[in-house]
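Written out below as structure tokens is the structure these notes cover.
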Amino acid sequence: MSMKFEKRNRPPLSCEPCRTRKLKCNRLVPCDSCIKRNVGATCQYAANAVRGKTHTSRQRALSDRLKRLEDSIQSLVAVGNVSQINTQTQSEETHTVEGASLPSSHGVSVAATGLPASNEPHIRDQHLQEKVVPDTLHTHHGKTSHVDSSHWVSILEDIKEVRESLSAVDPFSLIEPTNNGGSEHPDLSLALGSEHGLKIKDILVSLPTRPICDMLVSQYFNARYMVLGIVHSGKFQDEYGQFWKSPQKAPVLWIALLFGILSVSAHLRLKVNADGTLNGSIPSPDILRQKAAQCLTLGEYRTANAHALEAFLLYTQSGFLSDMKTTSRQWFDMGILLRLAFRMGYHRDPSTLPGVMTPFDSEMRRRVWLHIFQVDALLSFQLGLPSMIPAECCDTHFPRNLYDADLHVGMSALPPSRPSSEYTPVLYGISKAGVMSIFKKIVAHTISLATPSHSRTITLDAEMRGAYTLVPDFLKRRDISQSLMDSSEVILNRCTIELLYLKGLVVLHRRYIRYEHQDAKSESSRRFCVEAALEILARQADMHSAFQPGGRLQDDQWMISSHTIYDFLLAAMVICLDLSVSLESHTTALVNERADRGFVSREIVALKTSQRIWAANSHLSSESRIASLALDLMARKVAERQATFSCEEDVYMDVPQVSLELPYMAPMSEMIDGSETLDWLLLDQYFQNSGLETPRLDPSDEISGLFADDPGTFDPCAYH
1 MSMKFEKRNR
11 PPLSCEPCRT
21 RKLKCNRLVP
31 CDSCIKRNVG
41 ATCQYAANAV
51 RGKTHTSRQR
61 ALSDRLKRLE
71 DSIQSLVAVG
81 NVSQINTQTQ
91 SEETHTVEGA
101 SLPSSHGVSV
111 AATGLPASNE
121 PHIRDQHLQE
131 KVVPDTLHTH
141 HGKTSHVDSS
151 HWVSILEDIK
161 EVRESLSAVD
171 PFSLIEPTNN
181 GGSEHPDLSL
191 ALGSEHGLKI
201 KDILVSLPTR
211 PICDMLVSQY
221 FNARYMVLGI
231 VHSGKFQDEY
241 GQFWKSPQKA
251 PVLWIALLFG
261 ILSVSAHLRL
271 KVNADGTLNG
281 SIPSPDILRQ
291 KAAQCLTLGE
301 YRTANAHALE
311 AFLLYTQSGF
321 LSDMKTTSRQ
331 WFDMGILLRL
341 AFRMGYHRDP
351 STLPGVMTPF
361 DSEMRRRVWL
371 HIFQVDALLS
381 FQLGLPSMIP
391 AECCDTHFPR
401 NLYDADLHVG
411 MSALPPSRPS
421 SEYTPVLYGI
431 SKAGVMSIFK
441 KIVAHTISLA
451 TPSHSRTITL
461 DAEMRGAYTL
471 VPDFLKRRDI
481 SQSLMDSSEV
491 ILNRCTIELL
501 YLKGLVVLHR
511 RYIRYEHQDA
521 KSESSRRFCV
531 EAALEILARQ
541 ADMHSAFQPG
551 GRLQDDQWMI
561 SSHTIYDFLL
571 AAMVICLDLS
581 VSLESHTTAL
591 VNERADRGFV
601 SREIVALKTS
611 QRIWAANSHL
621 SSESRIASLA
631 LDLMARKVAE
641 RQATFSCEED
651 VYMDVPQVSL
661 ELPYMAPMSE
671 MIDGSETLDW
681 LLLDQYFQNS
691 GLETPRLDPS
701 DEISGLFADD
711 PGTFDPCAYH
């Protein structure tokens, strides 16, 4: 008689990551191996496994019950038992959207923040009801991400030729950089409200010496880039002098303001220095920002006391300057900031508020709201989310174009605004705000649940073009090579306003690039959209050339933020989408350049140049890699189509014979055709598995070698 021995249930001695990778584990929490790989948060030890028939049968019974429940629900849906509920819900949603009003477009205050709208009738065009470009909802590893249809990731998903080819890479993971637990800049948002027993004297210990503070404060108020102009220099200097006489008697929220200024200034100093380091006596910008957060908490910023809003805004800006990228953390911080601003009444013009407010305070409130309004619009759009500011509830006017010296605390009236040709520290924000207000209306128009009318689209197009004409001439488009007498700040501010204007046109007309039949109205909007996208890519080429060694802006590349990068991504995806639509519809424009006045040729030139730029920077970010792959795939498909039609004048290029022998070319060809039999996991190995011969995304390799031009030469004039 054989005896049955039950296997001993030993607890695992190694952590889960080490067991998976078959690494040696020293059994600490976290273990040394996980610490070295910056994955300490995932270092976990599995509990003893539970073996037994009773447990297994119980699991099987539970699974069977869940399966029967799913089948029951599906059968109810199949017979239409829920149709009445769906119909009622849809009716209620439509009623809510129909009843909403759009912001007016008349008046200065309307352009700034949006006054209550006129009762404009809702018009629908019949041809637009065929298809509404949907928003995108994506769930990945338990995280749900929502972006509207104008986001570059949504456009990438729309491109049939590259949708399947990039399936191995999750585009939604590019909306926000991932944090593997080893971030150099920790999330300080939780610090707001988590400090217990902290006293102001403990915080002041971290304050730099007076000479260091003087240097950083002076640098902040003399900087002309990345400084918001929300703190009056003269008033702050008086308060700053009083602070050093008795630091512990100063208001805690004012000290938060000081730490915010020091943090922003230290960030700017760190970025300007060629070696990317600070003087040893200057604290880290993140430490200064942490102290600002502690002061905000200790000063109970939620009570909406003086300096709270300005200090919180500087705290948020310092977080952005850490890596110049937009994250959901900043969006949540912005939500707190906005509610604080609403509570303090910044969304209403001081002239409409009860009580007596001095002209000085009124003007400074307008300056603060100007930046809050613009940051919300850009931050929300970049994350693919609706704006958090209801424009119909706001009427704050633009601030006047004045120097700080024109304002003082005891003034009885504001002086007249200086001419727009006078470049004051606030002129850039004022000039950009007019375009920004129309951009926000465009975004609201495109993400509306009601079908946007083409007539409204044309109206907004005219408003955007009109707003850009009001921008001062020296802040309008000008090639960088023709800006020898301008400072780097003026050049970058000029580019930012132009890109915002062009982005507005792209977003406004983007829904008219679609695979369905195009009528005359749709065709005109398609051209408007692609023209604007081509202009954006021309600016990308111009700026890329200026940032190269020996270029006009070689020392100023740090000034480029993620907002600008995403503008280039948006334009690149639009060009890809338009060419994809042309390929799908078998349009003759691809092979008949005379009939289309060289329009497709311009798209292909822009595609070539932009692909080289993204390829050159593919090692810096996942966004660059995705854009480079998408543009390269589309370029190859267009070249293939032109070769098929035996076009007499090849507007693209001659493909070297050696490129056809690259190991990834065959799957790439199937991929761009949307083959359903392709092994996507195997294809992904060509890009991700270091053990294979992978194509490098670099201008010097065979991929970018398809483009015969010199990789370092970019001619913006070729776009026009």
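All residue numbers in the sequence shown are consecutive under full-length UniProt numbering, ending with 720. All C-beta atoms, glycine included, are put in the ideal place defined by N, C-alpha and C. A quick note: this is a predicted structure, and the numbers were derived from the prediction, not measured.
- Annotation for Tyr225: Glu489, Leu492, Met559 place their beta carbon closer than 7 Å to its own, counting only its chain and skipping 5 residues before and after.
- Rounded to whole angstroms, the Cβ separation of Ile575 and Glu603 is 5 Å, and the two are in contact under 8 Å.
- Beyond the five residues adjoining it in sequence on each side, Leu228 comes within less than 6 Å, by CB distance, of His371 in the same chain, given in chain order.
- Rounded to the nearest angstrom, the gap between the Cα atoms of Met411 and Ile212 is 33 Å.
- Annotation for Val272: the continuous alpha helix (DSSP H) segment containing it runs 252-272.
- Closest option to Pro208, judged by alpha-carbon separation, among Asp361, Phe398, Pro285, Glu392: Pro285.
- Between Gly260 and Asp404 the beta-carbon gap is near 18 Å, outside 8 Å, which marks them as no contact.
- Tyr346 is the residue among Tyr346, Ala639, Arg465 whose C-alpha sits nearest the C-alpha of Arg367.
- Excluding the 5 residues flanking it on each side, Tyr315 has same chain C-beta neighbours closer than 7 Å at Gly260, Arg289, Ala292, Ala293, Leu296, in chain order.
- Around Ser525, the same chain offers Thr457, His509, Tyr512 as residues with beta carbons nearer than 7 Å, after the five sequence neighbours per side are excluded.
- By the beta-carbon neighbour count (other beta carbons within 10 angstroms, threshold 16), Cys43 is buried.
- A direct Cα-Cα distance of roughly 7 Å separates Leu309 from Leu337.
- With respect to Cys15, Tyr45 sits close: the two C-beta atoms are nearer than 7 Å.
- Closest in alpha carbon position to Val605, among Leu583, Asn617, Val638, is Val638.
- Taking a C-beta distance under 7 Å as the contact criterion, Ala571 and Ala533 qualify as a contact pair.
- The alpha helix (DSSP H) runs lying completely inside the segment 274-359 and spanning 4 residues or more are 285-298, 308-321, 328-343, given in chain order.
- With a 10 Å radius around the Cβ and a threshold of 16 neighbouring Cβ atoms, Ala311 comes out buried.
- The segment 241-255 and the segment 384-404 do not touch, with fewer than three beta-carbon pairs separated by less than 8 Å.
- Residue nearest to Asp333 within the set Phe320, Met344, Arg343 is Phe320 (criterion: CA-CA distance).
- Leu23 sits in coil when the DSSP states are folded into three classes, being neither helix nor strand.
- Pro247 sits in a helix when the DSSP states are folded into three classes.
- Between Phe381 and Val443 a beta carbon distance of about 6 Å is seen, short of the 8 Å cut, so the two are scored as contacting.
- For Ala256 against His307, the beta-carbon gap comes to about 7 Å, under 8 Å, which counts as contact.
- Residue Arg400 holds the alpha-carbon nearest to the alpha-carbon of Pro415 among Thr424, Arg400, Pro425.
- Tyr220 places its beta carbon less than 7 Å from that of Ser265.
- Residue state for Val231 is assigned as coil, using DSSP reduced to three classes.
- Rounded to the nearest whole angstrom, the C-alpha separation of Leu631 and Arg539 is 17 Å.
- The closest CA to that of Gly197, considering only His232, Ser281, Trp254, Gly299, is found on Gly299.
- Cβ-Cβ separation between Pro359 and Ala413: approximately 6 Å, consistent with a contact (criterion under 8 Å).
- Assigned with DSSP and collapsed to three states, Tyr220 falls in helix.
- If you keep only unbroken alpha helix (DSSP H) runs of at least 4 residues inside the segment 477-526, you get 488-509.
- In this structure, the beta-carbon distance from Leu500 to Val581 does not fall below 7 Å.
- Between Asn38 and Asp32, the C-beta spacing is not below 7 Å.
- Remark: C-beta atoms of Val471 and Ile497 approach each other more closely than 7 Å.
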